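Novice:
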Amino acid sequence: MKPEEKVNILLVDDDETKLLALENILSSPNQNLVQAHSGKEALRALLNQDFAAVLMDVRMPGMDGFETAAAIRQRDKTAHLPIIFITAADPSETHVARGYSLGAVDYMHAPIAPEVLRSKVAVFVELELQRERMRRIERREHEGQLSAALDLLEGEVKGNRFFTLSLDLLAIAGMDGYFRHVNPSWERTLGYTPEELKSRPFMEFVHPDDREATLAAMGKLKAGETVVLFENRYGAQDGSYRWLVWNAAPHMEERLIYAVAHDVTGRKQAEVALLAANQELETFSYSVSHDLRTPLRAIDGFSQALEEDYAASLDETGRRHLERIRAAVRHMGQLIDALLHLARMSRMELRRSQVDLSELARTVARELQDLDPRRKVEFGIAEGIEARGDATLLRVVLQNLLGNSWKFTGKREDARIEFGVETNGGWPVYSVCDNGAGFDMKHADKLFGPFQRLHRAAEFPGTGIGLATVQRLVRRHGGRVWAESAPGRGTAIRFTLGGEEQNGKPDDPAGGGTPGDAADSPGGEAKVLDGGDQ
Amino acid sequence: MSRAGIALLVEDNQDDVDLTLRAFQKNNIHNQVVVARDGQEALDYLFAAGANGQHTPAAMPELVLLDLQLPKLDGIEVLRQLRANERTRRLPVVMLTSSNEERDIVASYDLGANSFLRKPVNFPDLVKAVEVLGQYWLRMNEPPPVPNPSNGSGRDVE
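These protein sequence lines map, in sequence, to chains W and U. In this text, residue positions in the first sequence follow my numbering: the first is 1, and each later residue adds one. In this text, residue positions in the second sequence follow my numbering: the first is 535, and each later residue adds one.
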């Protein structure tokens with residue numbers, strides 16, 4: 001038996017000897033016997049402790065047993081406390097009657113048979129123990145319910161705090177299309193009071209063009225599906241519309257929809273502005289394409305007409321001048337085309353897939369060789385270089401880089417061009433190296449600017465747009481490009497294709513140099529194919 | 535061998551008009567070339583309405599060389615209206631323009647252009663392009679029947 005399952009028995013007798021006798025009879029590990037020598041003492045004990053039963057002598061000086069019992073019965077707490085009267089005197093009917101009418105459960109005449117007393121008390125002890133267990137269970141249940149209720153209340157209070165604090169628009173809506181609860185952000189965002197918002201079907205606030213999509217989203221919610229990142233416009237009181245992006249989940253039993261909306265009007269406006277800027281840029285390149293070429297055609301056409309129709313009036317110098325006009329026109333035509341190409345590459349949509357860069361490099365190398373079969377160039381293309389990127393744009397990158405190497409090794413008999421990959425900090429760094437003319441790193445900052453050229457046109461013709469294109473495309477992949485070179489010692493162009501940023505290494509793929517300050521790139525690590533005899 | 539079909543050149547830039555005509559000459563293509571200076575003029579000519587309303591159905595060209603950027607109505611709109619009209623919906627139309635923007639190319643073909651040619655900047659290339667154009671569209675190609683039967687004879691000019 002557990003220690004807490006010990007019950008108190010109150011023994012009341014003015015005779016110390018009789019109390020001891022009772023104690024002897026009732027002594028047991030699960031009974032705590034408390035003695036009282038008078039009625040008063042008994043009442044005091046009952047005030048302080050709970051008892052399973054009272055064994056009380058009837059004849060006591062001062063307050064007798066009956067008077068004490070009456071007092072016990074008067075108190076609510078003890079109104080039903082079992083009382084067993086024990087007395088040696090007057091086994092008369094009246095006594096017994098009085099005893100019972102006072103609510104005594106039993107009445108025992110002395111001399112008491114110990115077995116009988118023990119068994120009577122045992123019944124009350126067991127009764128009390130059961131009552132105590134019941135009380136404990138009830139208390140526990142009550143406490144459990146209470147704490148659950150408290151948790152709920154606390155959760156609600158805290159939830160309400162977030163509900164009120166949230167910058168986002170929180171709402172609980174019925175499946176009937178009405179808001180039930182909206183948080184204060186709604187009023188801050190749309191200008192309508194919660195009452196106004198709840199008084200009309202929320203569809204009325206949705207932009208007419210977005211209602212169909214919103215209905216479809218509602219259909220999903222009613223079917224028990226969650227709606228994620230749904231966008232629509234809500235009308236504000238001032239007549240404007242706010243773009244909202246929603247996450248919403250239905251609660252099927254409650255027939256409610258819990259929804260959170262984020263105001264993305266700012267982002268949308270920025271997108272629209274960007275779109276407008278892009279369209280403007282597109283219009284610009286379009287008119288460059290059309291309008292700049294038209295006069296060039298006239299210059300070239302009429303120069304030739306002059307040459308053809310008035311050849312007799314022109315001397316050798318005049319004809320040479322015409323030829324130079326036409327050469328300049330051709331070059332300008334190429335520049336315009338290159339610029340257009342660059343603009344087009346910049347706005348082309350990026351579609352990433354797994355790209356076999358080795359294969360791409362081999363293809364480009366073959367094309368270069370086919371265009372100029374007389375050249376002898378040794379290509380060293382590492383096997384199995386793959387990357388995630390846009391195949392079309394990466395092809396343009398390799399065309400430009402390998403094309404540059406092809407061009408700038410043009411004066412060498414032992415031209416060699418390599419394409420390879422190294423890793424730096426776990427991220428691939430791709431490289432195109434050659435043993436061509438190279439350049440002074442003093443000018444490296446100019447390398448990636450459009451129309452920047454580090455060689456005289458007569459030496460190496462070109463538009464100066466190639467590396468600008470490369471840089472733009474590499475950046476669009478989230479990567480960087482930089483160069484290492486020295487005059488007569490070849491050039492190495494290295495690039496990454498993004499990914500390193502996600503690893504928290506935004507600016508350190510190859511020990512320093514960024515595209516803008518390629519001059520600071522680590523010359524010591526530069527792997528440039530050595531020009532050897534140059 | 536030489537048919538006498540008319541070519542309608544829709545081009546607002548006088549330099550381009552002159553150079554194109556010169557390219558025709560260089561290639562000994564002597565078909566009449568009617569020039570329209572903007573989109574509206576082109577449609578007026580083709581629909582036999584407006585300023586050129588007096589022409590007979592016989593003057594229906596065998597080929598339209600259509601620039602894209604034109605005053606009043608642009609080339610795309612001209613093409614759209616040509617294709618929507620019973621008289622001109624089968625007319626061979628070659629877009630001859632400075633643009634090689636993908637959206638222009640796509641829009642042109644979507645609206646039923648028969649060919650798309652980017653005007654080269656240098657004249658020799660233009661001459662070559664016009665030669666191929668003339669050879670193919672004015673000589674080899676079988677033009678659609680003219681909707682309103684007529685005497686079928688065109689004027690043999692320039």
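Positions of the beta carbon are idealized from the N, C-alpha and C atoms, including for glycine. Bear in mind the structure is a predicted one, so any value in this text is a computation, not a measurement.
Tell me which residues of the stretch 278-299 of chain W have at least one Cβ-Cβ distance to chain U shorter than 7 Å, keeping chain order.
Specialist: Residues of the stretch 278-299 of chain W with a C-beta less than 7 Å from any C-beta of chain U: Tyr286, Ser289, His290, Arg293, Thr294, Leu296, Arg297, Ala298, listed in chain order.
Novice: Is the separation between the beta-carbon of His290 of chain W and that of Ser642 of chain U shorter than 8 Å?
Specialist: Taking the first residue of the first sequence as 1, we reach residue 290 of chain W at position 290. Taking the first residue of the second sequence as 1, we reach residue 642 of chain U at position 108. Contact flag unset, no.
Novice: With H, G and I counted as helix, E and B as strand and the rest as coil, what does DSSP make of His290 of chain W?
Specialist: Position 290 of the first sequence, counted from the first residue, corresponds to residue 290 of chain W. Three-state DSSP puts His290 of chain W in a helix.
Novice: According to DSSP, is Asn435 of chain W part of a helix, a strand, or is it coil?
Specialist: Locating residue 435 of chain W in the first sequence gives position 435, where the first residue counts as 1. Reduced to three states, the DSSP call for Asn435 of chain W is coil.
Novice: Relative to the C-alpha of Thr193 of chain W, which residue among W:Arg135, W:Thr226, W:Arg267, W:Gln237 is closest?
Specialist: Working through the first sequence from its first residue, we reach residue 193 of chain W at position 193. Per the Cα distances, W:Gln237.
Novice: Once DSSP output is grouped into helix, strand and coil, what is the label at Asp238 of chain W?
Specialist: Mapped onto the first sequence, residue 238 of chain W falls at position 238. Three-state DSSP puts Asp238 of chain W in coil, outside helix and strand.
Novice: Please list, in chain order, the residues of the stretch 647-661 of chain U that have any C-beta partner in chain W closer than 8 Å.
Specialist: Lys653, Pro654, Val655, Asn656, Phe657, Pro658, Leu660
Novice: Thinking just about the alpha-carbon of each residue, which of W:Gly464, W:Thr496, W:Ala361 is nearest to the one in Gly479 of chain W?
Specialist: Numbered from its first residue, the first sequence carries residue 479 of chain W at position 479. In this structure, W:Thr496 is the residue among W:Gly464, W:Thr496, W:Ala361 with its C-alpha nearest to the C-alpha of Gly479 of chain W.
Novice: Consider the Cβ of Asp515 of chain U: report whether some Cβ of chain W lies at a distance smaller than 8 Å.
Specialist: The question about residue 515 of chain U has no answer, for chain U in this structure spans 535 to 692.
Novice: According to a CB-to-CB cut-off of less than 9 Å, which residues of the stretch 561-580 of chain U neighbour chain W?
Specialist: none
Novice: Under a Cβ-count criterion, where at least 16 other Cβ atoms within 10 Å of its own Cβ denotes burial, should Lys407 of chain W be classed as buried or exposed?
Specialist: Sequence index remark: in the first sequence, residue 407 of chain W carries index 407 (1-based). The residue in question, Lys407 of chain W, is buried, as its Cβ has 16 or more Cβ neighbours within 10 Å.
Novice: Compute the distance between the beta-carbons of Leu221 of chain W and Pro250 of chain W, then report whether it is under 8 Å.
Specialist: By one-based count along the first sequence, residue 221 of chain W stands at place 221. By one-based count along the first sequence, residue 250 of chain W stands at place 250. Yes, they are a contact pair.
Novice: Determine whether the Cβ of Gly333 of chain W lies closer than 8 Å to any Cβ atom of chain U.
Specialist: Indexing the first sequence from 1 puts residue 333 of chain W at position 333. Yes - at least one Cβ of chain U is within 8 Å of the one on Gly333 of chain W.
Novice: Around the C-beta of Met56 of chain W, are 16 or more other C-beta atoms found within 10 angstroms, so that it is buried, or is it exposed?
Specialist: Taking the first residue of the first sequence as position 1, residue 56 of chain W is located at position 56. Buried: at least 16 other Cβ atoms inside 10 Å.
Novice: For a test of the three-state rule: what should DSSP assign to Arg673 of chain U, helix, strand or coil?
Specialist: In the second sequence, residue 673 of chain U corresponds to position 139, counting from 1. Three-state DSSP puts Arg673 of chain U in a helix.
Novice: Inspect the beta-carbon positions of Asn561 of chain U and Val664 of chain U and report whether they are closer than 8 Å.
Specialist: Within the second sequence, the letter at position 27 stands for residue 561 of chain U. Within the second sequence, the letter at position 130 stands for residue 664 of chain U. Against a cut-off of 8 Å, the Cβ pair of Val664 of chain U and Asn561 of chain U comes out as a contact.
Novice: Roughly how many whole angstroms lie between the Cα atoms of Glu141 of chain W and Met134 of chain W?
Specialist: To locate residue 141 of chain W, count along the first sequence from 1; it is residue 141. To locate residue 134 of chain W, count along the first sequence from 1; it is residue 134. For Glu141 of chain W and Met134 of chain W, the distance between alpha carbons rounds to 10 Å.
Novice: What distance in whole Å lies between the Cβ atoms of Ile540 of chain U and Pro595 of chain U, which are believed to be in contact at a cut-off of 8 Å?
Specialist: For this step, residue 595 of chain U is matched to residue 61 along the second sequence. For this step, residue 540 of chain U is matched to residue 6 along the second sequence. Separation of the CB atoms of Pro595 of chain U and Ile540 of chain U is rounded to 4 Å, and the pair is thereby assigned contact status at 8 Å.
Novice: So with CB distances below 7 Å, who are the chain U contacts of Ala391 of chain W?
Specialist: On the first sequence, position 391 is the one that residue 391 of chain W refers to. None at all; the shortest Cβ gap to chain U is about 17 Å.
Novice: Here's a check: name, in chain order, each residue in its chain whose Cβ is nearer than 7 Å to the Cβ of Pro677 of chain U, leaving out the five neighbours to either side.
Specialist: The residue you call residue 677 of chain U lines up with position 143 of the second sequence. Hits under 7 Å: Gly539, Glu596, Pro626.
Novice: Report yes or no: is there a C-beta of chain W within less than 8 Å of the C-beta of Val544 of chain U?
Specialist: For the purposes of this step, residue 544 of chain U is taken as residue 10 along the second sequence, with counting starting at 1. The beta carbon of Val544 of chain U sits no closer than 8 Å to any beta carbon of chain W.
Novice: Output the residue ranges of the alpha helix (DSSP H) runs that lie fully inside the stretch 254-299 of chain W and measure 4 residues or longer, sorted by chain position.
Specialist: 265-287
Novice: Give me the chain W residues within the contact set of Gln603 of chain U, using Cβ-Cβ distance strictly less than 7 Å, ordered along the chain.
Specialist: Reading the second sequence from its first residue, position 69 is the one you call residue 603 of chain U. Chain W residues near Gln603 of chain U: His290.
Novice: Indicate whether Pro428 of chain W and Ala492 of chain W have their beta-carbon atoms separated by less than 8 Å.
Specialist: On the first sequence, position 428 is the one that residue 428 of chain W refers to. On the first sequence, position 492 is the one that residue 492 of chain W refers to. For Pro428 of chain W and Ala492 of chain W, no; Cβs fall outside 8 Å.
Novice: Identify the contact partners of Val227 of chain W in chain U, using a Cβ-Cβ distance below 8 Å as the criterion.
Specialist: Numbered from its first residue, the first sequence carries residue 227 of chain W at position 227. In chain order: nothing, as chain U lies at least about 35 Å away.
Novice: Is Ser358 of chain W near Glu383 of chain W, with beta carbons less than 8 Å apart?
Specialist: Counting from 1 along the first sequence, the entry for residue 358 of chain W is found at position 358. Counting from 1 along the first sequence, the entry for residue 383 of chain W is found at position 383. Yes, Cβ-Cβ distance for Ser358 of chain W and Glu383 of chain W is below 8 Å.
Novice: Tell me the rounded alpha-carbon separation between Glu128 of chain W and Glu154 of chain W.
Specialist: If you number the first sequence from 1, residue 128 of chain W lands on position 128. If you number the first sequence from 1, residue 154 of chain W lands on position 154. Taking the Cα positions, Glu128 of chain W is about 37 Å away from Glu154 of chain W.
Novice: Exposed or buried, Ile9 of chain W, counting other C-beta atoms within 10 Å across all chains shown (16 or more means buried)?
Specialist: Against the first sequence, residue 9 of chain W aligns to sequence position 9. A residue is called buried once 16 or more other Cβ atoms fall within 10 Å of its Cβ, and Ile9 of chain W is buried on that count.
Novice: Looking at Met108 of chain W: is its Cβ nearer than 8 Å to the Cβ of Ile86 of chain W?
Specialist: Here the question's residue 108 of chain W lines up with position 108 in the first sequence. Here the question's residue 86 of chain W lines up with position 86 in the first sequence. Yes, the Cβ-Cβ distance between Met108 of chain W and Ile86 of chain W is below 8 Å.
Novice: Which bits of chain U does Ala305 of chain W rub up against, with CB to CB less than 7 Å?
Specialist: Position 305 of the first sequence, counted from the start, is the residue given in the question as residue 305 of chain W. Correct list: Arg556.
Novice: Along the chain, where does the beta strand (DSSP E) containing Gln31 of chain W start, and where does it finish?
Specialist: Position 31 of the first sequence holds residue 31 of chain W. Residues 31-36.
Novice: Grab me the residues of Gly239 of chain W's own chain with a C-beta within less than 6 Å of its C-beta, minus the 5 sequence neighbours each way, in chain order.
Specialist: Here residue 239 of chain W corresponds to residue number 239 of the first sequence, with the count starting at 1. A distance below 6 Å between beta-carbons, with the five flanking residues on each side excluded, links Gly239 of chain W to no residue of its chain.
Novice: Could you check what DSSP says for Arg161 of chain W in three-state terms: helix, strand or coil?
Specialist: Position 161 of the first sequence, counted from the start, is the residue given in the question as residue 161 of chain W. DSSP places Arg161 of chain W in helix when its eight states are reduced to three.
Novice: If you draw a straight line from the alpha carbon of Asn160 of chain W to that of Arg255 of chain W, how long is it in whole angstroms?
Specialist: On the first sequence, position 160 is the one that residue 160 of chain W refers to. On the first sequence, position 255 is the one that residue 255 of chain W refers to. Looking at the two C-alpha atoms, the distance is approximately 20 Å.
Novice: DSSP state of Tyr310 of chain W, grouped into three classes?
Specialist: Residue numbering aside, residue 310 of chain W sits at position 310 when the first sequence is read from its first letter. For Tyr310 of chain W, the three-state secondary structure derived from DSSP is coil.
Novice: For the stretch 604-636 of chain U, which residues have a CB atom closer than 9 Å to at least one CB atom of chain W, in sequence order?
Specialist: Thr631, Ser632, Ser633, Asn634, Glu635, Glu636
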